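To keep things clear, I will list the structure first and then write my remarks on it.
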Amino acid sequence: MPTVVLSVPFVRQAVCPTGRRKTDYFDSTQRGFLLEVRCSGGKTYYQRYTDERGRERQYKIGPADVVSLDQARRKAKQIVAEALLGADPQQKRRELRAVPLLRDFVAERYLPYVQTYKNSWSTDETVLRIHILPKLGALALDEIKTDAITDLINRMREDGYAAGTMNRVIVILRYIYNLARKWKVPGGLENPAAGLTAGPDVQRNRFLSEEEAEALMRAIHADENRTAARCIMLLLLTGARRNEVTFAKWDYIDWKNKTLLVPKSKSGRARVVALNQSAIALLTSTPRMEGNPYIFPSPVNGKPSPSLFFPWDRIRKRAGLEDVRLHDLRHSFASFLVNRGVSLYVVQGLLGHLHARTTQRYAHLTQETLIGAADLIQEVVTFPGVERRAETAAPVADFPPAAQQTT
Numbered sequence: 255m256p257t258v259v260l261s262v263p264f265v266r267q268a269v270c271p272t273g274r275r276k277t278d279y280f281d282s283t284q285r286g287f288l289l290e291v292r293c294s295g296g297k298t299y300y301q302r303y304t305d306e307r308g309r310e311r312q313y314k315i316g317p318a319d320v321v322s323l324d325q326a327r328r329k330a331k332q333i334v335a336e337a338l339l340g341a342d343p344q345q346k347r348r349e350l351r352a353v354p355l356l357r358d359f360v361a362e363r364y365l366p367y368v369q370t371y372k373n374s375w376s377t378d379e380t381v382l383r384i385h386i387l388p389k390l391g392a393l394a395l396d397e398i399k400t401d402a403i404t405d406l407i408n409r410m411r412e413d414g415y416a417a418g419t420m421n422r423v424i425v426i427l428r429y430i431y432n433l434a435r436k437w438k439v440p441g442g443l444e445n446p447a448a449g450l451t452a453g454p455d456v457q458r459n460r461f462l463s464e465e466e467a468e469a470l471m472r473a474i475h476a477d478e479n480r481t482a483a484r485c486i487m488l489l490l491l492t493g494a495r496r497n498e499v500t501f502a503k504w505d506y507i508d509w510k511n512k513t514l515l516v517p518k519s520k521s522g523r524a525r526v527v528a529l530n531q532s533a534i535a536l537l538t539s540t541p542r543m544e545g546n547p548y549i550f551p552s553p554v555n556g557k558p559s560p561s562l563f564f565p566w567d568r569i570r571k572r573a574g575l576e577d578v579r580l581h582d583l584r585h586s587f588a589s590f591l592v593n594r595g596v597s598l599y600v601v602q603g604l605l606g607h608l609h610a611r612t613t614q615r616y617a618h619l620t621q622e623t624l625i626g627a628a629d630l631i632q633e634v635v636t637f638p639g640v641e642r643r644a645e646t647a648a649p650v651a652d653f654p655p656a657a658q659q660t661t
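Just so you know, we're using this note's numbering here: the sequence shown kicks off at 255 and counts up by one.
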């Protein structure tokens, strides 16, 4: 371990003696400061110091072709000063290295956890994959600040995303950091998403008209992804939630009683989805993948496809219904029934709503139906000055006739 005066010319010309893997050149003017020269030609600055327990430690400052000699000397003095004051110069480095990247925390801790109890975990996975991880995934947890999340939300707003989608991004990030803090994960002490909001989420009720339902069925029938097309068609026929269909298994079907079991619904309870004749026909004609329990497995990996976004986006655009969301099929199922005089109580049961107030969003449809029915009396009785009604309004066509269903 030769001792020399480390200078810029010496550092530039220093070599490792023949036959040795590496050698350390200690600086004679600054105790513990050294240059390691390896047989490969690599050179690195180090500083040796004694910690508060009297143990000798070595701190790697950096490669000589990146860190200048002056920079290395200043850092070496800082390390010695910290050690003399009782601090551990290595501690901050260890803490920083222990902080996981967001994408690693999501893959290794967050998603495995939410999958154990959250029925909508696949929605979280989709939001993370499409919106969050491409922008923030490569950052460590403590590198993500409120400004970065605000910037992400602003870009989403410029791209035309709804407040509900942006708020979901914020909610997921907030929950991620709450869990990180609860689990004492390094870098998760501060929550950069706390207090953020993208604004009010305007509840939008979008119902398909008869003509739109027919256009949608034609687009479903024409789509090349037959597995996804059948899955979407079953959503339209049953009013089921997306995950209730995408994760459905053959064993869940009771062919005799025409029901599909949902072992754990959004409410946390088991429920059954009623299957009409068209739904039965669709399921009967659906090919089974040998040895696979799922009704609609991916042809690629045999697993359920929790997200139907891409085939759905293709289908709705083909039908000219770009503003219709997949969940709107559930709303439309309910509206078709209510407009045909089915009671809200029955619709509540078909949709699997735990509370009647959830089904009340369709109450205005019942009122419209009642008013239309009340108008029929004008064919017989009218108030003076009001023209007698000549004929009834054209009846609403039955909800997609079985002959028009695609399988």
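Ideal Cβ positions, reconstructed from N, Cα and C, are used throughout, including at glycine.
All of these numbers come straight from a predicted model, not from anything done at the bench.
Secondary structure note for Gly418: its alpha helix (DSSP H) is the uninterrupted segment Ala417 to Lys436.
Cβ neighbours of Leu515 within its own chain (closer than 6 Å, five residues either side excluded): Tyr506 and Val526. For the pair Thr513 and Leu536, the CB atoms are not nearer than the 8 Å cut-off. Looking only at Ile403, Asp567, Trp375 and Phe264, the smallest Cα-Cα distance to Asn479 is reached by Asp567. Arg523 and Ala392 have their alpha carbons spaced roughly 38 Å apart. Excluding sequence positions up to five before and after Pro547, its CB lies within less than 7 Å of the CB of Lys503, Trp504 and Asp505, all in the same chain and listed in chain order. Ala473 is not a Cβ neighbour of Ile398, given a cutoff of 8 Å. Here the C-alpha atom of His475 lies approximately 12 Å from the C-alpha atom of Cys485. For Phe287, the enclosing beta strand (DSSP E) covers residues Phe287 to Arg292. Asp577 carries a coil assignment under DSSP once its states are collapsed to helix, strand and coil.
Taking 8 Å as the cut-off, the Cβ atoms of Ile424 and Thr451 count as close. With contacts defined as CB atoms closer than 8 Å, Leu580 and Leu562 qualify as a contacting pair. In summary, Pro558 is buried, with 16 or more beta-carbon neighbours lying within 10 Å of its beta-carbon over all protein chains present.
The alpha carbon of Ala573 has as its nearest neighbour, out of Ser322, Asn459 and Ala467, the alpha carbon of Ala467.
When secondary structure is reduced to three states using DSSP, Tyr364 falls in the helix class.
For Phe461, the three-state secondary structure derived from DSSP is coil.
Here Thr283 is exposed. Its C-beta has fewer than 16 other C-beta atoms within 10 Å. Per DSSP, the unbroken alpha helix (DSSP H) holding Thr404 starts and ends at Thr400 to Glu412.
When C-alpha distances from Leu490 are compared across Gly414, Val578, Pro440 and Gly449, the shortest belongs to Val578.
Residue ranges of uninterrupted alpha helix (DSSP H) with 4 or more members, entirely inside the segment 485-546 and ordered along the chain, are 496-500 and 531-538.
CA-to-CA, the gap between Lys389 and Val353 works out to about 18 Å.
In the same chain as Ala469, and ignoring 5 residues on each side of it, the C-beta atoms closer than 6 Å to its own belong to Ala573, in chain order.
Comparing alpha carbon positions, the residue from Phe461, Ile426, Glu465 and Trp437 closest to Gly449 is Ile426.
Residue pairing by DSSP places Tyr279 opposite Leu289 in a beta bridge.
Short of 8 Å from the beta carbon of Arg435, and not among the five residues preceding or following it, lie these beta carbons of its own chain, in chain order: Gly442, Leu443 and Asn445. Rounded to whole angstroms, the separation of the alpha carbons of Glu412 and Asn373 is 31 Å. In the assembly as shown, Glu290 is a buried residue. Its beta-carbon has 16 or more other beta-carbons within 10 Å.
In the DSSP assignment, Arg302 forms a beta bridge with Gln312. Residue nearest to Asn421 within the set Gln344, Glu306 and Ile403 is Ile403 (criterion: CA-CA distance).
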